[in-house]
Amino acid sequence: MRYACFVIVTCIIFSLVCCKIFETRCKLVRELVKVGIPQHLFLGQWVCLIEKVSNRDTKAFVVTPSGKKFYGLYQIPSRWCREGKKGGDCNIACESLLDDDIRDDTACAVNIFHEEGFKYWTQWTNRCKNDNHITTEIYKCPDLMSRRSNPESPLQSENLRVKRKLSRVGMERSRASSYYGLQ
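Heads up: the sequence shown runs through residues -19 to -1, 1 to 164, numbered per mature numbering (1 follows the signal peptide of the UniProt record, and there is no 0).
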């Protein structure tokens, strides 16, 4: 009985030490913002993607029956990295996508996003594309709420309001011009 308890405790400690699983969305959001994902870059969509493809586990590694390999938090395919040394489209070693430092993983994922968009990840298309629930939830995280209520925030929201108003005015003018046949 003691041996069984020892084995269970050892396994739990090993799993906590060897890999980083973000237990909550807020912890994941905090880390994403810390490593540099801009909040305006679809933060909720990134969180949804990470949850659906890797369950927030930095050590996630999948080999499909066809032999394709996917690495880390974002399940980045081997096209973007090279095993054993730097390479691929992100110029990164695939093994570095499996460690707890998510800066390089995030940089590569953002690179993929800029080239291909979220549609590159089929899990995002199938499970996140039209779902804004996670986006709504993450903005309840204390870190994001405090950032939204800081002194700079009213200025940002005022800028956003002005941009929206100018956009609406431009759309109304465009509709009126086309309706009346004006150039």
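Each residue gets a CB set at the ideal place from its N, CA and C atoms; glycine is no exception.
Collapsing the DSSP output to three states places Tyr120 in coil. Between the beta-carbon of Leu24 and that of Val34 there is about 16 angstroms, and that puts the pair past the 8 angstroms contact cut.
For Tyr52, DSSP records a beta bridge to Phe42 and Ile57. Counting only the Cα atoms, Cys89 lies some 26 angstroms from Glu118. Contact annotation: Tyr52 and Phe42 have beta-carbon atoms nearer than 9 angstroms. Annotation: the region 64 to 100 contains the following complete segments of the alpha helix (DSSP H) (minimum length 4 residues), in chain order: 84 to 97. Trp61 is positioned such that its CB atom lies no closer than 9 angstroms to that of Gly48. Three or more Cβ pairs closer than 8 angstroms define a contact, and the region 88 to 104 meets that threshold against the region 70 to 77. No residue range can be given for Thr5, since it is assigned to no alpha helix (DSSP H) and is classified by DSSP as neither H nor E. For Ser47, the three-state secondary structure derived from DSSP is coil. Here Ile115 really is in contact with Cys29; their C-beta atoms are around 5 angstroms apart, less than 8 angstroms. Gln104 sits in a helix when the DSSP states are folded into three classes.
In the three-state scheme derived from DSSP, where H, G and I count as helix and E and B as strand, Gln20 is classed as coil.
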